[in-house]
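**Q** Going left to right, the sequence shown walks through residues 11 to 101 as our numbering numbers them.
All C-beta atoms, glycine included, are put in the ideal place defined by N, C-alpha and C.
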Amino acid sequence: MLWIGEWDWDDGNLDELARHGLDWFVVLQVAEEHPKFRANRKRRAASHQMIGPDRGGRHWTVCIVRLHGERWRAVTGWSSTAGERAWYEGA
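#1: Could you spell out where the alpha helix (DSSP H) holding Leu38 opens and where it closes?
#2: Determine whether the beta carbon atoms of Ser90 and His30 lie at a separation below 9 Å.
#3: If you draw a straight line from the alpha carbon of Trp97 to that of Asp21, how long is it in whole angstroms?
#4: Flag this pair as yes or no: are the beta carbons of Val40 and Leu27 separated by less than 9 Å?
#5: Could you tell me which whole beta strand (DSSP E) segments of length 3 or greater appear in the segment 19 to 99?
Here's what the structure looks like:
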């Protein structure tokens, strides 16, 4: 299982998240609400997808990359598609 011990934030990625309706607080909520992880598509900036609900029940797909150790960065994200949500519920 993937473990996120710490988050790293930078202005560029926070701006990218904001363009898709997310901020660091939403990412933290998803991380705390029992997300599921899967490998991201090849040749992408992020190695994994974190999929799950925020505290309000809205599902998000957050693309993340390990920087070192247990430190991760959210690269981008979006409101989960029906397919992503079905994967989350069936995984």
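**A** Quick look at the numbers:
#1: Trp34 to Glu42 is the span of the alpha helix (DSSP H), which, as asked, contains Leu38.
#2: In this structure, Ser90 lies away from His30, with their beta-carbon atoms at least 9 Å apart.
#3: Here the alpha carbon of Trp97 sits roughly 30 Å from the alpha carbon of Asp21.
#4: No, the Cβ-Cβ distance between Val40 and Leu27 is not below 9 Å.
#5: Residue ranges of uninterrupted beta strand (DSSP E) with 3 or more members, entirely inside the segment 19 to 99 and ordered along the chain, are 46 to 49, 58 to 63, 69 to 78 and 81 to 89.
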